[in-house]
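*Asks:* Going left to right, the sequence shown walks through residues 27 to 236 as this note's numbering numbers them.
Cβ atoms here follow ideal geometry from the backbone N, Cα and C, with glycine treated the same way.
Before we start, here is the structure in question, set down as structure tokens.
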Amino acid sequence: MNRFYSLVLFATIVSTSAMAQDEGGGFLSGGSGSSNQTTGLGLYLGYSFAKEMDVEFEDSDSTYNTTGAAFLGARYAYLFTERIGALAAMNYTLPREIDSIDFDNGSSSDVGGSFSILDFEFNAYFHAYQGFFIYGGFNYSIPFDDLDANDSEMKGGMGMQLGAGYVILPFLSADLGYKTQNFTVTADDEESSTGRLWGMLLRFTFQLDM
């Protein structure tokens with residue numbers, strides 16, 4: 027997780043540099059045309075490669091091993107300046123299957139069940155060089171679970187994401203990101219402090235406002 031927070035700090039430094047160089051025409055000032063920017067409303071399809079959810083209980087820790095899952099959603103991007111803006115998104119991740127649970131004592135359990143996620147993202151949004159952009163911010167995830175293991179139940183929580191993308195065509199962009207989604211997990215009436223699903227994602231956005 028320290029690596030993730032370092033990336034967040036890096037994004038903050040880059041955005042500060044963008045604001046400083048925007049007036050003077052430095053490296054981050056190239057490509058100001060609308061074809062290089064993705065603002066307004068967009069719809070997207072993507073895939074989450076996250077396959078592990080780390081769950082910390084008071085007396086033990088465990089890892090839920092899951093499948094990856096496709097997701098779809100809508101987002102709205104707005105630029106306050108030529109380069110700096112905000113991006114809000116709503117995602118629905120299709121159900122991902124739980125294959126097994128690994129416990130910290132070395133044992134494991136083959137279990138069934140699945141869960142889907144509705145989440146909302148709130149990001150700072152920075153257009154960098156030409157069609158490249160970066161984003162980072164917070165999310166709130168609401169799980170819909172059907173878990174077979176130990177009367178488990180999931181509740182929503184806050185997470186973070188950070189990513190970078192490129193405008194391929196005026197109506198199409200792609201981004202690669204890293205995302206954590208946090209939950210509270212209850213198993214056998216024992217409530218966890220944190221359940222964290224983490225991993226990479228790939229997303230293709232179709233621009234409706236051009």
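(1) Does DSSP put G132 in a helix, a strand or coil?
(2) When DSSP labels each residue in this structure, what does A211 get in the three-state scheme?
(3) How big is the Cα-Cα spacing for F197 and G191?
(4) Among the residues of its own chain, which have a CB less than 6 Å from the CB of T93, if the five just before and after it don't count?
(5) Where do the ends of the beta strand (DSSP E) carrying G163 lie?
(6) Give the single residue among L98, F152, G225 and I127 whose Cα lies nearest to the Cα of M186.
(7) Nearest by alpha-carbon distance to K205: which of K181, N149 and F158 is it?
(8) Roughly how many angstroms lie between the CA atoms of F75 and T119, to the nearest whole one?
(9) Three-state secondary structure (DSSP) at G225?
(10) Write down every uninterrupted run of the beta strand (DSSP E) in the region 59-138 whose length is 3 residues or greater and which is fully enclosed by it, in chain order.
(11) By alpha-carbon positions, which one of Y155, Y70 and G221 ends up nearest to F83?
*Replies:* Looking at the coordinates:
(1) In this structure, G132 counts as coil in the three-state DSSP scheme.
(2) The identity of residue 211 in the sequence shown is Val, whereas the question assumes Ala. Strand, per DSSP.
(3) The straight-line gap from Cα to Cα measures roughly 14 Å.
(4) Excluding positions up to five away in sequence, the list reads R122 and E123.
(5) Start and end: F158 to L173.
(6) Residue G225 is the option with its Cα nearest to M186.
(7) Ranking the options by Cα distance to K205, first place goes to N149.
(8) Each residue's Cα considered, the two are about 11 Å apart.
(9) In the structure shown, G225 sits in a strand (DSSP, three-state: E or B).
(10) Correct list: 66-74, 78-82, 87-92, 95-105, 110-129 and 134-136.
(11) Of Y155, Y70 and G221, the residue nearest in Cα terms is G221.
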